[in-house]
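K.L.:
2 protein chains.
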Amino acid sequence: MSGAPRNPADDDSAGRSIWTRPQRGARGPAPTRSRDEIVAAAVALADADGLSAVSMRAVAGALGMAAGSLYRHLSSRDDLLDLMVDRCVGELRPYPADGGSWQDQFLLLARRQLALYRRHRWLPDAIARRTVPGPNTLAHFDACLRLLQPVRAGVAAKFEAIAMVTGVVSLFARSAAAAGTVTFDHVDLAAYPHLAAAFAEPPSAPPAGDLFERTLRSLLTGLLAADPA
Amino acid sequence: MSGAPRNPADDDSAGRSIWTRPQRGARGPAPTRSRDEIVAAAVALADADGLSAVSMRAVAGALGMAAGSLYRHLSSRDDLLDLMVDRCVGELRPYPADGGSWQDQFLLLARRQLALYRRHRWLPDAIARRTVPGPNTLAHFDACLRLLQPVRAGVAAKFEAIAMVTGVVSLFARSAAAAGTVTFDHVDLAAYPHLAAAFAEPPSAPPAGDLFERTLRSLLTGLLAADPA
DNA sequence: TGTAAACTGCAAACAGCGTTCGCGGTTTTG
DNA sequence: CAAAACCGCGAACGCTGTTTGCAGTTTACA
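For the record, the sequence lines run as chains C and R.
Count along the first sequence starting at 1, add 9, and that's the number in my numbering.
Count along the second sequence starting at 1, add 9, and that's the number in my numbering.
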């Protein structure tokens, strides 16, 4: 009976998520690598070669340990991705606190988010996975709500707006990364007259001005400022 | 030499992509299943159980064939996903042709796109992969450019706008699918006062009016209407 | 203080994945 | 009629996330 060895990392009884789980047990030998070291190594791998390079074996190998040993610290690869996301979201701190209208402040935060997504190009994809919010993600949400305090709108509308802004920021991050990537080369455009005409035109410069700012401002006013509530 | 058997599906010499490749060879026996049947089976699997359910073995199994046999028709799983995307994008036809301002028409198309993304919830993810545009995708682009013809803006700006609208549509599709999914349950909100206050408030109704329409309209005017070019 | 429980790390294994390869049988071409 | 091209198959390869039994180490409790 009870021959099954128990793994504290799998302990669902006291908090199912990675955020409520002790980083190490209280009884055994000290782990050779901390949770932070593991997450840092995984982030480094993702920064270098993308999310797909973050395999359990690769992360373990980068730390000089066996793949299975990671499961003493995490209960799944998803846990690792959640930790990676939250670690990077932490780079948004400290949050803007004073100066300017709420729109200006929100825009500043969005800019920092854009820079973050460009620093870690895998982040949007990792966030797109339905993820359990960690402390830094919660803090970010909290900061957003604080900035939106002067706005007269319902909570649901504010959440919608935050999600939408985050989404648009990741769209910008993606489009910048793939600006010239979408290739229509080697395609017969005969059947697509407007597409053909567009390419026949001399290549126009990308839209002038700060597209990012204009887009987000119009989005925010559209979502919140004109809200009838 | 030349003992290596050649696979016409891999023929990179005459068109590297799936779009320029003959559906079947001209010499051997007739394939038991057509390319359309394969793609249809894959779409059915994705509709039922998500993109991850579309494994070569599963698709082959659904058609009563061996996994390796699929490589007579496709050169990779990515090819299959490209075909799936283009097949579904084809459901957008016919494109709006008359009636209303360009904004109204564009919005109508966006609505159809939203419905499409909800019919096939895996589509945004499949499109997010950098994909080689197929005929239906090209036709969709062409239709967008046609609708934007009255707009005085550069080609680059128009492409940006199309990409952004497509992205926002997929954001809406995703947020609708995960409306109540984001759970802050079992989280100690003590450290996040604004988040706690937001949840203490009586749950406000989701933002009134047509959020989709308002968002896209403000996005379009922000991106295109006010363009100095 | 001694013993039992808890914890760590490892090597090996499992099932599933995308993909490749060689084979026998079928169809078309010259 | 022979040769080339093509189809489908089953077995394999290397990779993935994850599980499991084992040996060694540390802590807690009687």
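Glycine is no exception: its CB is placed at the ideal position from the N, C-alpha and C atoms.
Note that the structure is a prediction, hence the values are computed from the model and not measured.
Indicate the three-state DSSP secondary structure (helix, strand or coil) for residue 219(R) in the structure shown.
P.N.:
Coil.
K.L.:
Please report the straight-line C-alpha distance between residue 173(R) and residue 155(R), rounded to a whole angstrom.
P.N.:
Each residue's alpha carbon lies about 17 angstroms from the other.
K.L.:
Quick one: is residue 138(R) buried, meaning 16 or more other Cβ sit within 10 Å of its Cβ, or exposed?
P.N.:
Exposed, because fewer than 16 other Cβ atoms sit within 10 Å of the Cβ of residue 138(R).
K.L.:
Does the segment 139-151 of chain R come into contact with the segment 84-98 of chain R, if we say contact requires no fewer than three beta-carbon pairs (one atom in each stretch) closer than 8 angstroms?
P.N.:
The segment 139-151 of chain R, when compared against the segment 84-98 of chain R, does touch it at the 8 angstroms Cβ threshold.
K.L.:
Determine the DSSP secondary structure at residue 184(C), reduced to helix, strand or coil.
P.N.:
If DSSP states are grouped into helix, strand and coil, residue 184(C) belongs with the helices.
K.L.:
With a cut-off of 8 angstroms on the beta carbons, I'd call residue 122(R) and residue 48(R) a contact; round off their distance for me.
P.N.:
Actually they are not in contact, since the Cβ atoms of residue 122(R) and residue 48(R) sit about 20 angstroms apart, beyond 8 angstroms.
K.L.:
So residue 165(R) and residue 214(C) are supposed to be a Cβ contact under 8 angstroms. How far apart are they, rounded?
P.N.:
So it is a contact: roughly 7 angstroms between Cβ atoms.
K.L.:
Going by C-alpha distance, which of 73(C), 83(C), 38(C) is nearest residue 31(C)?
P.N.:
When only C-alpha atoms are compared, the closest one is 83(C).
K.L.:
Taking DSSP as the reference, what is the three-state secondary structure of residue 3(C)?
P.N.:
Outside the displayed range of chain C (10 to 238) lies residue 3(C), so it cannot be described from this structure.
K.L.:
Within 8 angstroms, do at least three Cβ pairs link the segment 27-44 of chain C to the segment 70-82 of chain C?
P.N.:
The segment 70-82 of chain C, when compared against the segment 27-44 of chain C, does touch it at the 8 angstroms Cβ threshold.
K.L.:
Would you say residue 213(R) reaches chain C, if we count a Cβ-Cβ gap shorter than 8 angstroms as a contact?
P.N.:
Taking Cβ atoms only, chain C reaches closer than 8 angstroms to residue 213(R), which makes this a yes.
K.L.:
Along chain C, which residues have their Cβ under 8 angstroms away from the Cβ of residue 201(R)?
P.N.:
Those within 8 angstroms of residue 201(R) in chain C are 147, 148, 150, 151.
K.L.:
What in chain C is Cβ-close to residue 227(R), meaning under 7 angstroms?
P.N.:
Neighbours of residue 227(R) on chain C, chain order: 227, 228, 230, 231.
K.L.:
DSSP state of residue 80(R), grouped into three classes?
P.N.:
Three-state DSSP puts residue 80(R) in a helix.
K.L.:
If the criterion is Cβ atoms closer than 8 angstroms, does the pair residue 79(R) and residue 69(R) meet it?
P.N.:
Yes; because the gap between Cβ atoms is below 8 angstroms, this pair is in contact.
K.L.:
Along chain R, which residues have their Cβ under 8 angstroms away from the Cβ of residue 100(C)?
P.N.:
What residue 100(C) touches in chain R: nothing, since even the nearest Cβ is about 18 angstroms away.
K.L.:
List the residues of chain R whose Cβ lies closer than 7 angstroms to the Cβ of residue 178(C), in chain order.
P.N.:
Under the 7 angstroms cutoff, chain R gives no residues; its nearest Cβ is about 11 angstroms from residue 178(C).
K.L.:
Identify each residue in the segment 68-93 of chain C for which the Cβ-Cβ distance to at least one residue of chain R is less than 9 angstroms, and report them in chain order.
P.N.:
So the list is empty, because no residue satisfies the distance condition.
K.L.:
Tell me the residue span of the alpha helix (DSSP H) that contains residue 150(C).
P.N.:
That run of the alpha helix (DSSP H) goes 144-156.
K.L.:
With DSSP collapsed to three states, give me the class of residue 74(C).
P.N.:
Coil at residue 74(C), not helix or strand.
K.L.:
Can you give me the C-alpha to C-alpha distance between residue 119(C) and residue 229(C), rounded to a whole angstrom?
P.N.:
If you take the alpha carbons of residue 119(C) and residue 229(C), they lie about 12 angstroms apart.
K.L.:
So, is the C-beta of residue 27(R) closer than 8 angstroms to a C-beta in chain C?
P.N.:
Chain C contact via Cβ: absent.
K.L.:
How long is the line joining the alpha carbons of residue 193(R) and residue 197(C), rounded to whole angstroms?
P.N.:
Their Cα atoms are separated by approximately 51 angstroms.
K.L.:
By the 10 Å Cβ neighbour count, where 16 or more other Cβ atoms means buried, how is residue 151(R) classified, buried or exposed?
P.N.:
Buried, because 16 or more other Cβ atoms sit within 10 Å of the Cβ of residue 151(R).
K.L.:
Please state the DSSP three-state secondary structure of residue 94(C).
P.N.:
DSSP places residue 94(C) in helix when its eight states are reduced to three.
K.L.:
Using the rule of at least 16 other Cβ atoms within 10 Å of the residue's Cβ for burial, across every protein chain shown, is residue 107(R) buried or exposed?
P.N.:
That one is exposed.
K.L.:
Tell me where the alpha helix (DSSP H) around residue 46(R) begins and ends.
P.N.:
44-58 is the span of the alpha helix (DSSP H), which, as asked, contains residue 46(R).
K.L.:
Between residue 223(R) and chain C, is there a C-beta pair that is closer than 8 angstroms?
P.N.:
True, the Cβ-Cβ gap to chain C drops below 8 angstroms.
K.L.:
Checking contacts by CB at 8 angstroms: is residue 220(R) closer than that to chain C?
P.N.:
For residue 220(R), the answer is yes, since a Cβ of chain C falls inside 8 angstroms of its Cβ.
K.L.:
If you follow the alpha helix (DSSP H) that residue 205(R) is in, where does it begin and where does it stop?
P.N.:
Counting along the chain, the alpha helix (DSSP H) containing residue 205(R) begins and ends at 202-209.
K.L.:
Return no unless some Cβ of chain R is closer than 8 angstroms to the Cβ of residue 53(C).
P.N.:
Cβ-Cβ to chain R under 8 angstroms: no for residue 53(C).
K.L.:
Assign residue 232(R) to one of two classes, buried (16 or more other C-beta atoms within 10 Å of its C-beta) or exposed (fewer than that).
P.N.:
Flag for residue 232(R) reads buried.
K.L.:
Can you pull the chain C residues whose beta carbon is under 9 angstroms from the beta carbon of residue 5(R), in chain order?
P.N.:
One cannot answer for residue 5(R) here, as it falls past the ends of chain R, which runs 10 to 238.
K.L.:
Using alpha carbons as the reference points, say which of 61(C), 62(C), 81(C), 163(C) lies closest to residue 38(C).
P.N.:
Closest by alpha carbon: 81(C).
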